[in-house]
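Engineer: Got a structure here, written out as structure tokens. Questions coming.
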Amino acid sequence: MTKKGIKHLAGKVGGIKNLILILLATLWGLTLLADIFVVEKIFDPLGYLYIALGIVALLYVVQPLYASRRLVQYYWQRVKRNRLAVLGLAFILFLILLAVFGPLFTTDPTAANFEQKNLPPVGFTTEESIYNPQTAQFTTKTISGTWEHPLGTDNKGRDLLAMIISGAGVSLQVGLLATGIAIALGTLIGVVSAYLGGKVDNILMRFTDIMMTFPFFLLLVFIVFIFGPNLAFIVLVIGLTGWTGTARLIRSETLSLRTREFILAAKALGASDGRIILAHLVPNVVSLIVVIATLSIPGVIMAEAALSFIGLGDPAVTSWGMVLRAGQQSLDTTWWVAVAPGIMLFFTVLAFNFVGDGLRDAFDPRSSV
Amino acid sequence: MEGAILKIRNLRTYFFTRRGIVKAVDGVTFDLVKGECLCLVGESGCGKTVTALSILGLIDSPPGRIVGGEIFYHNMDLAKCSAEKLRHIRGKEIAMIFQDAQSALNPVFTIGDQIVEQIKLHLEVSHREARDKAISRLKEVGIPSPEEVANYYPHQLSGGMKQRAMIAMSLSCDPRLLIADEPTTAVDVTIKAQIIDIFHQLKETRKMSLLFITHELGIVSEIGDRIVVMYAGRVAETAVGSELLNNPKHPYTSGLIKCLPDITQERERLESIPGTVPSLIDLPSGCLFHPRCDKAIAICREKQPPPVIVNHGHTVFCHRY
Amino acid sequence: MGKTWLRDYIIKRLFYAIIIAWGILTVTFILVRIGPTSPADKYLTNLAARGEEPAQVIAAIEARYGLDKPIHEQYISYIGNLARGDWGWSFSTSMPVIELIKTHWIYSFQLILFSTILAALVGILIGIYSAVRQYSKTDYIATFFSFIGISIPNFWLGVMLILLFAVQLGLFKTYYDTGIPLLSLANLKQLILPVVTLGTGMMAGYTRYTRSAMLDNLRKEFVRTARAKGLPERVVIGKHVFRNAILPLVTIIMFDLGSIVFGGAYLTEIVFGIPGLGRISFNAIFADDYAVVVAVTLISAFLILLINLTTDIAYAYLDPRIRYD
């Protein structure tokens with residue numbers, strides 16, 4: 002294909018980036034179809050989500066950020082001044098390191114080891130009553146924690162630290178992917194709805210209203226109940242049900258942008274609708290999107306944890322919610338199993354909230370950070 | 063001064079901010095005689111509004127504070143009054159109206175309710191009487207069908223009507239002194255004239271004292287009996303209206319007057335005063351105007367100019383006299 | 344102007360609400376029908392497990408659920424049944440779904456009611472105080488706690504409270520006793536932990552929203568006018584500022600209800616064993632009792648629709664700028 006030909010095609014779809022997107026999306030779609038119908042598994046379902054999100058992120062997040070490096074630097078300076086946000090970021094980094102490198106140092110979280118069940122964390126001791134059938138008496142035995150299982154074990158002998166580390170990985174992945182889907186969908190609907198207006202806006206907003214009326218978690222539970230608990234599917238569903246808030250916010254921001262002069266100027270220069278949406282409107286709502294995304298991650302992580310907690314999580318995956326569930330069921334004997342995942346969830350949510358707030362303040366031109 | 067109901071002596075109001083101390087009002091002295099309209103004139107940021115707010119103790123208390131001086135109202139020093147006492151004076155003896163009527167009125171209460179609230183706060187009257195009073199005030203400022211308008215919400219009224227309603231509200235308890243902070247600045251030219259008329263009328267019929275704050279010299283000549291010119295937190299010159307406009311002594315005042323475009327004269331360019339108003343955190347030494355003054359002499363940089371009585375009732379703060 | 348406007352607005356909103364209600368029913372129907380297993384399959388699996396003859400029952404089921412009819416007929420009878428009050432049969436509890444709901448809704452109701460009252464009272468008051476005394480120690484403490492309150496996973500909080508107060512300290516039972524009559528002090532006592540669990544998250548949110556709504560309004564010009572009129576500070580804050588702050592607050596609280604409260608109540612019921620609608624839906628999930636799950640999902644969506652509608656109308660009443668435009 003000639004260079005001119007490519008340029009012409011690009012113009013038709015609103016830019017070279019869009020062309021690349023369409024190409025890669027088609028490739029992705031074909032691979033998916035082949036996977037389902039023709040060959041054996043090429044990628045994990047989760048893998049497909051990563052690839053899809055990765056493509057979108059690379060084209061529309063990484064590249065624009067790189068293109069405006071100086072602006073990113075400026076905002077980064079502003080964020081750095083917020084101590085809580087920096088703390089939050091540090092924790093998230095720690096979590097990522099934990100999730101990536103932790104499994105190298107710990108045992109398999111699903112390995113049951115009944116010899117070592119009910120061990121408390123290091124530094125704690127519990128008493129266990131053991132019935133001796135020969136003497137027909139109860140004797141109390143003191144058990145203390147060991148460094149072999151620093152956080153203790155549950156009633157099946159599974160190492161708590163390993164479970165927590167596995168859970169970190171799950172939460173981060175779910176947080177990233179599901180939020181990505183929700184934000185992408187919400188932004189698309191919001192921007193298109195606001196920009197095109199009229200009937201399209203009407204229908205899209207009615208649909209958004211309908212979806213918004215379902216309580217988020219109950220809808221989640223309902224869909225997972227119908228279709229079955231599978232991690233990739235859960236991620237997809239959280240993403241497909243959590244976009245409504247984003248859509249509304251982005252729509253109202255776009256509405257206010259749409260009447261601004263620089264959009265009229267682009268139109269006067271002959272830009273197509275597609276180009277205006279992707280090249281002019283979206284970059285201006287980026288700061289809003291970043292804040293919404295960061296503040297949505299905790300909700301997503303909690304949703305997955307709650308699902309696992311009530312037993313609707315992926316049984317093949319050890320997530321924090323699942324650990325909490327196990328802990329609750331044996332609260333009187335292994336209370337540490339219930340405490341640990343909650344603390345991790347709490348700090349994770351807190352961290353993302355701090356960062357999100359910090360970002361919001363940094364982007365707000367009125368606040369003197 | 064004889065018959066002064068308000069005597070301000072060396073008032074200093076500072077704002078303590080992260081970037082430094084903003085000396086918004088730094089040694090302001092003037093009197094307001096009963097029954098007169100005193101105009102406080104100056105550019106934006108010269109301290110006129112802060113002076114007015116200081117009188118009623120309405121300065122936002124962090125970060126601002128009255129740090130010195132006296133505000134005598136009938137022998138009571140308002141700067142040292144208790145909050146309770148100040149509250150009794152506000153709205154009853156001394157009332158204040160603000161620049162933008164739309165934001166100054168509470169959008170969720172009707173005009174009538176807002177006026178009645180003030181009346182019932184200060185006067186011992188029944189609800190019925192308060193309502194009647196409110197309606198008569200609305201009528202007084204020239205609002206048509208006041209009984210209906212009393213049931214309207216602020217956003218339902220036009221700009222001019224809102225302004226009148228605000229004036230009516232301030233008059234509701236028959237105050238002796240009305241402070242008007244730039245009441246004509248945010249309105250159209252035609253409305254401006256109407257508002258000025260209302261003030262004239264108020265002066266005649268109520269024999270009220272008026273502290274009128276504005277940056278427009280044209281308005282001042284219309285309505286002011288005496289004028290106080292402020293610059294960067296201090297007083298530059300004080301005089302009777304006509305005297306000031308015909309015979310300005312302070313270089314800043316003459317500069318301001320020359321800036322007024324004159325439609326009768328043939329001119330190529332508009333006059334302006336060179337330079338800009340100094341930052342109130344980083345004030346120049348001596349006379350605050352000296353960096354922009356074409357008549358400045360050595361001492362202007364050293365010492366603050368003392369008041370010089372040039373004429374009867376005409377005081378100027380300048381070293382050249 | 345004025346008089347018929349409110350009525351017209353209500354009618355418009357009602358009409359819109361009906362459209363949304365239709366949308367809810369349709370989406371639910373679609374979700375159920377495109378699921379990998381039909382309700383009949385699951386029902387059958389369970390019947391087989393209980394030893395009944397599948398072949399006979401299939402025909403009965405299909406007739407009962409109308410699954411042999413084309414899809415649009417199914418849809419119509421689905422809506423028709425719901426409207427008539429026939430919400431299906433819960434085989435896991437052997438009673439009509441409607442009956443099940445009738446006996447259990449009260450538990451959810453009392454939980455949500457008390458939690459909301461607690462959260463609103465405490466949250467809003469602290470929010471107002473926090474805003475008025477911005478940057479004070481109390482403000483920082485309140486903001487700190489509200490951050491914590493929002494970040495704590497509410498189901499974990501429930502478990503922790505049970506661990507501390509019921510297991511370790513023995514002050515409460517670890518489960519909800521339905522034997523205790525509803526209108527009694529003992530019932531209130533056993534509701535303390537669940538209400539605290541659900542209420543904390545809500546309270547934290549309310550504190551934050553109230554604080555920010557109040558702060559926004561404290562900056563406005565009319566506050567200065569109110570003070571200039573001579574009004575005492577508590578009237579300025581409590582009447583003038585608060586009345587304006589209520590408007591965005593109402594919107595945000597209503598939005599929260601949909602996304603957080605019902606989900607939170609669901610989890611709280613499960614943690615504490617309170618037999619409300621959340622818990623029976625949960626039980627139904629693990630018994631594959633479709634009808635109950637669908638019913639609870641629908642009910643919650645309709646409730647939120649109702650709340651939204653009421654709030655919209657209330658908002659129009661509260662904000663004169665909308666009323667008289």
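Residue numbers (our numbering), protein chains in the order written: chain H, 2 to 370; chain R, 63 to 383; chain U, 344 to 668.
From the three backbone atoms N, C-alpha and C, an ideal C-beta is built for every residue, glycine too.
Quick caveat: nothing in here was measured; it's all calculated off a predicted structure.
Starting from the beta carbon of F160(R), find every residue of chain U whose beta carbon is closer than 9 Å, and list them in chain order.
Structural biologist: Under the 9 Å cutoff, chain U gives E564, R567, T568, A571.
Engineer: When we look at the beta-carbon of G48(H) and count the other beta-carbons within 10 Å, is it buried (16 or more) or exposed?
Structural biologist: It counts as exposed.
Engineer: For P439(U), write down the residues that DSSP places opposite it in a beta bridge.
Structural biologist: DSSP, once it has assigned bridges, lists W432(U) as partnering P439(U).
Engineer: Just the C-alpha distance for V370(H) and A529(U), rounded to the nearest angstrom, thanks.
Structural biologist: Low confidence applies here, because V370(H) scores a pLDDT of 44, under 50, leaving its location unreliable; read the following figure in that light. For V370(H) and A529(U), the distance between alpha carbons rounds to 52 Å.
Engineer: Going by DSSP in three states, H374(R) sits in which element: helix, strand or coil?
Structural biologist: Correct three-state label for H374(R): coil.
Engineer: Using a 10 Å radius around the Cβ and a threshold of 16 neighbouring Cβ atoms, would you call R350(U) buried or exposed?
Structural biologist: Answer is exposed; the Cβ neighbour count stays below 16.
Engineer: Below 9 Å between beta carbons: does that hold for A141(R) and G119(R)?
Structural biologist: Against a cut-off of 9 Å, the Cβ pair of G119(R) and A141(R) comes out as a contact.
Engineer: Can L641(U) and L368(U) be called in contact, C-beta distance under 9 Å?
Structural biologist: Yes, the pair counts as a contact, with Cβ atoms nearer than the cut-off.
Engineer: Would you kindly work out how many angstroms separate the C-alpha atoms of F347(H) and V604(U), rounded to a whole number?
Structural biologist: About 18 Å.
Engineer: Run the CB neighbour count on I173(R), radius 10 Å, all protein chains shown included, and call it buried at 16 or more, exposed below.
Structural biologist: When all chains shown are included, I173(R) counts as buried.
Engineer: Just the C-alpha distance for V193(H) and D202(H), rounded to the nearest angstrom, thanks.
Structural biologist: If I take the Cα positions, the gap works out to 8 Å.
Engineer: Rounding to the nearest angstrom, what Cα-Cα distance links R20(R) and A638(U) in this structure?
Structural biologist: Lying before the first or after the last residue shown, residue 20(R) is absent from chain R, which here runs from 63 to 383.
Engineer: Starting from the N-terminal side, write out each stretch of the beta strand (DSSP E) that is 3 residues or longer and does not extend beyond the stretch 320 to 359 of chain R.
Structural biologist: With a minimum length of 3 residues, no continuous beta strand (DSSP E) run stays inside the stretch 320 to 359 of chain R.
Engineer: I'd like the list of long-range same chain contacts for I523(U), defined as Cβ closer than 8 Å, with 5 residues on each side in sequence excluded.
Structural biologist: Cβ neighbours of I523(U) beyond the five flanking positions: A529, N530, Q533.
Engineer: Measure the beta-carbon distance from G153(R) to G573(U) and round it to whole angstroms, keeping in mind my assumption that it falls under 8 Å.
Structural biologist: Confirmed, Cβ separation roughly 4 Å.
Engineer: With 9 Å set as the bound, which would you pick, yes or no: does the beta-carbon of R152(R) sit closer than that to a beta-carbon of chain U?
Structural biologist: Yes, R152(R) lies at the interface with chain U (some Cβ there is under 9 Å from its Cβ).
Engineer: If you check the beta carbons only, do T247(H) and G181(H) fall under 9 Å apart?
Structural biologist: No, Cβ-Cβ distance for T247(H) and G181(H) is not below 9 Å.
Engineer: Give the residues of chain U in contact with S165(R), contact being defined as C-beta atoms less than 8 Å apart.
Structural biologist: Near S165(R) (Cβ distances below 8 Å), the residues of chain U are K563, E564, F565.
Engineer: Quick one: Cα of L620(U) to Cα of A634(U), how far?
Structural biologist: When rounded, the distance between both Cα atoms is 13 Å.
Engineer: Are any of the Cβ atoms in chain H nearer than 9 Å to that of M545(U)?
Structural biologist: For M545(U), the answer is no, since every Cβ of chain H falls outside 9 Å of its Cβ.
Engineer: Are the stretch 288 to 297 of chain R and the stretch 94 to 103 of chain R touching by the rule of at least three beta carbon pairs closer than 8 Å?
Structural biologist: Yes, they touch.
Engineer: If you reduce the DSSP assignment to three classes, tell me which class M270(R) lands in.
Structural biologist: M270(R): coil per DSSP, three-state reduction.
Engineer: Rounded to a whole number of angstroms, what is the C-alpha to C-alpha distance between K18(H) and Y61(H)?
Structural biologist: Rounded to the nearest angstrom, the two C-alpha atoms are 8 Å apart.
Engineer: Spell out the partners DSSP gives L239(R) in its beta bridges.
Structural biologist: DSSP, once it has assigned bridges, lists I156(R), S271(R) as partnering L239(R).
Engineer: I'd like to check one pair, I361(R) with G348(R): are the Cβ atoms closer than 9 Å?
Structural biologist: In this structure, I361(R) lies closer than 9 Å to G348(R) by Cβ.
Engineer: Which of the three DSSP states is assigned to G199(H) in this structure?
Structural biologist: Looking at G199(H) - three-state DSSP - the assignment turns out to be helix.
Engineer: Starting from Q330(H), find everything on chain U with Cβ-Cβ shorter than 7 Å and list it in chain order.
Structural biologist: Ordered by position in chain U, no residue passes the 7 Å Cβ test against Q330(H), which lies about 10 Å from the chain.
Engineer: Can you look up S257(H) in the DSSP assignment and give me helix, strand or coil?
Structural biologist: Three-state DSSP puts S257(H) in a helix.
Engineer: Alpha carbon to alpha carbon, how far is R331(R) from G317(R)?
Structural biologist: Straight-line Cα distance between these residues: approximately 15 Å.
Engineer: Just checking my contact of L20(H) with A26(H) at CB under 8 Å: how many whole Å lie between their CB atoms?
Structural biologist: That pair is no contact at about 11 Å.
Engineer: Taking 9 Å as the threshold (beta carbon to beta carbon), is P342(H) in contact with chain U?
Structural biologist: It does: the Cβ of P342(H) has a partner Cβ on chain U nearer than 9 Å.
Engineer: Is there a Cβ from chain U that is less than 9 Å from the Cβ of D155(H)?
Structural biologist: By this cut-off, D155(H) is not an interface position.
Engineer: Would a C-beta distance cut-off of 9 Å place I70(R) and F134(R) closer than the cut-off?
Structural biologist: Yes.
Engineer: Between the stretch 224 to 238 of chain R and the stretch 247 to 261 of chain R, do three or more beta carbon pairs fall short of 8 Å?
Structural biologist: Touching, yes, given that three or more Cβ pairs across the two stretches are closer than 8 Å.
Engineer: Any beta-carbon of chain U closer than 9 Å to the one on I227(H)?
Structural biologist: Interface residue, yes.
Engineer: Is L374(U) a contact residue of the ligand FAD, with contact defined as CB to any heavy atom under 8 Å?
Structural biologist: Looking for the ligand FAD in the displayed structure turns up nothing, as the structure carries no ligands at all.
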